[in-house]
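Q: full-length UniProt numbering numbers the first residue of the sequence shown as 1 and each following residue consecutively.
Ideal Cβ placement from N, Cα and C applies to all residues, glycine included.
Mind having a look at this structure? Questions to follow.
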Amino acid sequence: MALNGPRPTWLTFDCYGTLIQWDEGLMAAMETILARKGRKIEAEDFIPAYDRHEHALEHTRPHLSFAAVTAKALRLALREFSLEAAADDAELLTSSIGKMPPFPEVVATLRRLKDAGFRLAIISNTDDAIIAGNVAQLGGAIDRVITAEQAQAYKPSRQIFEHAWRTLGVTRDELVHICASPHLDLTAARDLDFRAVWVDRGTGRRPPPDYQPDAIAHGLDDVPGLFEAAGWLPAR
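Below, the structure written as structure tokens:
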């Protein structure tokens, strides 16, 4: 596997799990919510139920905001464990998302890529207000933020990616997408045929069995080396 083709003008990024510590932040928020219920449920047992409902709700029509998806998915997941959602549970979860920090290497790597002349955008399954706190932690490197709220669709749908490309004024051949989510982003890369770097952070999630990403990184700081090998960055 190797990156090839013309040097991209834009790099697009998945946000949560790629740039921002989603699993860690979600676990902490869920542990707080569950602790208030007076029953011991491990967050790692609860989160798969929440994820299942979240992904299903993201495909419903009419489009639901991510805040609404989060609230409903949380309520449905709690019911699976015979628990009821409190009025402020969803607010606790959504307010925690914008506070989730970047991975340690992210800010410096984004700055290096920006200084090398790439333009940087985020494509994320969220609302504008929720992601604002995360983007504020990224050192001013991000040029554009495209959300499900703007596109009225969630990844992996064609609609959100095509909305992003129109917004950025590029074709799929003029960008490389950098992502950690096989289910959302690599599925779209397979179906829509755009170049993708998978950031494998060791979560156990795997690419679709019928797809191989163009390159694999084990942290965002591996990406400049991959670009050097492709001839898109001068070697240090």
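Please state whether the Cβ-Cβ distance between residue 195 and residue 3 is less than 8 Å.
A: Position 195 of the sequence shown, counted from the first residue, corresponds to residue 195. Position 3 of the sequence shown, counted from the first residue, corresponds to residue 3. Their beta carbons are under 8 Å apart, which means residue 195 touches residue 3 by this criterion.
Q: Identify the continuous alpha helix (DSSP H) that holds residue 165 and give its terminal residues.
A: On the sequence shown, residue 165 is found 165 positions in, with the first residue counted as 1. Looking at the DSSP string, the run of the alpha helix (DSSP H) that includes residue 165 is 158-168.
Q: Does the structure place the region 21-34 close enough to the region 129-137 that three or more beta carbon pairs sit under 8 Å?
A: no
Q: By the DSSP assignment, the beta strand (DSSP E) with residue 175 in it spans what residues?
A: For the purposes of this step, residue 175 is identified with residue 175 of the sequence shown, where counting begins at 1. 175-179 is the extent of the beta strand (DSSP E) around residue 175.
Q: Please classify residue 216: does DSSP put it in a helix, a strand, or coil?
A: What you label residue 216 is simply residue 216 of the sequence shown in a count that begins at 1. Strand.
Q: In the structure shown, what three-state DSSP assignment does residue 131 receive?
A: Locating residue 131 in the sequence shown gives position 131, where the first residue counts as 1. Residue 131: helix per DSSP, three-state reduction.
Q: Relative to the C-alpha of residue 106, which candidate in 173, 176, 199 and 152 has its C-alpha closest?
A: For the purposes of this step, residue 106 is taken as the residue at position 106 of the sequence shown. Residue 199 is the option with its Cα nearest to residue 106.
Q: Under DSSP, the alpha helix (DSSP H) around residue 103 begins and ends at which residues?
A: Locating residue 103 in the sequence shown gives position 103, where the first residue counts as 1. It is not in any alpha helix (DSSP H) - residue 103 carries neither H nor E in the DSSP assignment.
Q: Below 8 Å, can you find three or more Cβ-Cβ pairs linking the region 74-93 to the region 162-181?
A: No, they do not touch.
Q: How would you label residue 90, buried or exposed, when you count the other beta carbons within 10 angstroms and need 16 or more for buried?
A: The residue given as residue 90 occupies position 90 in the sequence shown. Residue 90 comes out buried.
Q: Report the rounded CA-to-CA distance for residue 192 versus residue 38, giving the unit in angstroms.
A: In the sequence shown, residue 192 corresponds to position 192, counting from 1. In the sequence shown, residue 38 corresponds to position 38, counting from 1. Straight-line Cα distance between these residues: approximately 46 Å.
Q: Helix, strand or coil for residue 60? Go by DSSP, reduced to three states.
A: Here residue 60 refers to the residue found at position 60 of the sequence shown. Looking at residue 60 - three-state DSSP - the assignment turns out to be coil, as it is neither helix nor strand.
Q: In the DSSP assignment, what residue or residues form a beta bridge with residue 16?
A: The count along the sequence shown starts at 1 and reaches residue 16 at position 16. DSSP, once it has assigned bridges, lists 20 as partnering residue 16.
Q: List the endpoints of the continuous alpha helix (DSSP H) containing residue 70.
A: Taking the first residue of the sequence shown as 1, we reach residue 70 at position 70. Run containing residue 70: 66-80, per the alpha helix (DSSP H) assignment.
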